[in-house]
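As structure tokens, the structure follows; a few thoughts come after it.
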Amino acid sequence: MFKTFLAAALAASLSLAGAFSVAAQEAPKVGVVVKIGGIPWFNAMEVGIKERGQKLGLDAFMVGPTSADPALQVRAIEDLIAQGVKVIGVVPNDAKVLEPVLTKAKEKGIIVITHESPSQKGADWDFELASSQGFGEAHGKLLAEKMGGKGEYAVFVGSLTVPLHNAWADAAIAYIKKNYPEMTLVGERYGVAEDVDKSRSTALDLISAHPNLKGFLAFGSQGPIGAGRAIEERRKVGQIFVLGPFSPGQGQKLVKSDAISGGFMWNPKQAGEVFVTMADKLLKGEEIKDGDEIEGLGVVHPDFQNRNIIVDQLVPINKDTVADLAAMGL
């Protein structure tokens, strides 16, 4: 009888373990492909993705390519399609290049969510924590104030094919042109702001070529860092002003030394959480409606035609805020 009991208990235990194993295997996979791995901005996003995934019972994870190369993003998305993930999230380096592979994912029944790429073709939805116009104009206004409304300035973007960075640049340049006619743009714009070394070297070259240069507006998390280092090297702190979004933890020393004059950001950890929150909602078959309240976004008013959800949640980065933001892991 005792042997029979043990056998039954063992069978029940194995059955239960098997059930848990199957349940674990059946957790829907949500893979988020970001621009580049290993930098603070996307490290913070990864924390948000994982924490929210655990809370909602999803197998949510991030894929970070080794460089900001659109081809590497295509390869990563192809790999996620082969894995049979249920949702793919992307922060695109090149919106156009990704269109075919995102369309392929959708054709296979995979939900596609993008960030920093409004009106992305091949996506079910794109979400933004800052409007293009509001974000660009806020930076343009701040740069003009720092420069006293006069002088030459240069603009960096992550690449010339990142729609959102270029939309921010468009808005900032238009705002400056309209309100500060004595400010002059040097060149067009430079696609280096997702690479700290390229940002630094480009800034050094521009400082040498333009003696009257007074400002850098860098859209891309590595742009202000690289330009700030160049300012320190050339001992131009207080003479040339660097502004843009960046990771506070990475840039706080440069802010405190005035090599970076400030900027605005949104919370990348929050963006990671939103990826997973939206994935969960869409996996359950829930429609996103006007006036919905979505955690991390607040009350939303979607652009259904272009599949965009855009809110304004700007966070200032300056000497008063940078330490607290860095302490949050940002």
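FYI, the numbering for the sequence shown is -24 to -1, 1 to 306, going by mature numbering (1 follows the signal peptide of the UniProt record, and there is no 0).
Ideal placement from N, C-alpha and C gives every residue a C-beta, glycine not left out.
Since the model is a prediction, treat every value here as computed from it, not as a measurement.
Report task. For N155, count neighbouring C-beta atoms within 10 Å of its own C-beta (all shown protein chains included) and say buried if the count is 16 or more, exposed if not. Result -> exposed
Query - Terminal residues of the alpha helix (DSSP H) in which L105 lies - result: Premise fails: L105 is in no alpha helix (DSSP H) and is neither H nor E.
Report task. Please state whether DSSP places A292 in a helix, a strand or coil. Result -> One point to set straight first is that residue 292 is Pro, not Ala, in the sequence displayed. DSSP places P292 in strand when its eight states are reduced to three.
Query raised in the report: Rounded C-beta distance between K62 and I86? I'm assuming under 8 Å.
Result: 7 Å
Query raised in the report: Does the Cβ of R211 have 16 or more other Cβ atoms within 10 Å, making it buried, or fewer, making it exposed?
Result: Per the 10 Å Cβ criterion, exposed.
Query raised in the report: From which residue to which residue does the beta strand (DSSP E) around A130 run?
Result: G127 to V133
Query - H277, buried or exposed, once every other Cβ within 10 Å from all chains shown has been counted against 16 - result: exposed
Report task. For A(-1), collect the residues of the same chain with a Cβ closer than 6 Å to its Cβ; drop the 5 residues on either side in sequence, then sort them by chain order. Result -> Unreliable placement is indicated for A(-1), whose pLDDT of 45 sits below 50; the coordinate value is still reported in the next sentence. Here the set comprises nothing.
Query raised in the report: Cα-Cα, which of A58, I53, S93 and A114 is closest to P76?
Result: Closest in C-alpha terms to P76, from the list A58, I53, S93 and A114, comes I53.
Query raised in the report: Hey, how far is the Cα of A235 from the Cα of E104?
Result: 28 Å
Query raised in the report: On the three-state DSSP scale, how would you describe E269?
Result: In this structure, E269 counts as strand in the three-state DSSP scheme.
Query raised in the report: Going along the chain, which residues of its own chain have a beta-carbon closer than 6 Å to the beta-carbon of G268, five neighbours each way excluded?
Result: It is Asp, not Gly, that sits at residue 268 in the sequence shown. Within the same chain, D268 has close Cβ partners V276.
Report task. Check whether the Cβ atoms of V162 and A130 lie closer than 7 Å to each other. Result -> yes
Query raised in the report: Where do the N-terminal and C-terminal ends of the alpha helix (DSSP H) with L161 fall, by residue?
Result: Looking at the DSSP string, L161 is not in any alpha helix (DSSP H); the run it does join, the beta strand (DSSP E), is M159 to L161.
Query raised in the report: Taking the C-alpha atoms as reference points, what is the distance between L118 and K265?
Result: Rounded to the nearest angstrom, the two C-alpha atoms are 35 Å apart.
Report task. Could you tell me whether the Cβ atoms of I207 and G227 are closer together than 7 Å? Result -> no
Query raised in the report: Is A36 helix, strand or coil when you go by DSSP?
Result: strand
Query raised in the report: Assuming D45 contacts N69 under a Cβ cut-off of 8 Å, what Cβ separation, rounded to an integer in Å, is found between them?
Result: 7 Å
Query raised in the report: F(-23): buried (16+ other C-beta within 10 angstroms of its C-beta) or exposed?
Result: Annotation note: pLDDT 39 at F(-23) (below 50); position unreliable, no value reported.
**Report entry** Below-7 Å beta-carbon distance, P157 vs any chain D residue
**Finding:** The structure shown contains no chain D, having only a single protein chain.
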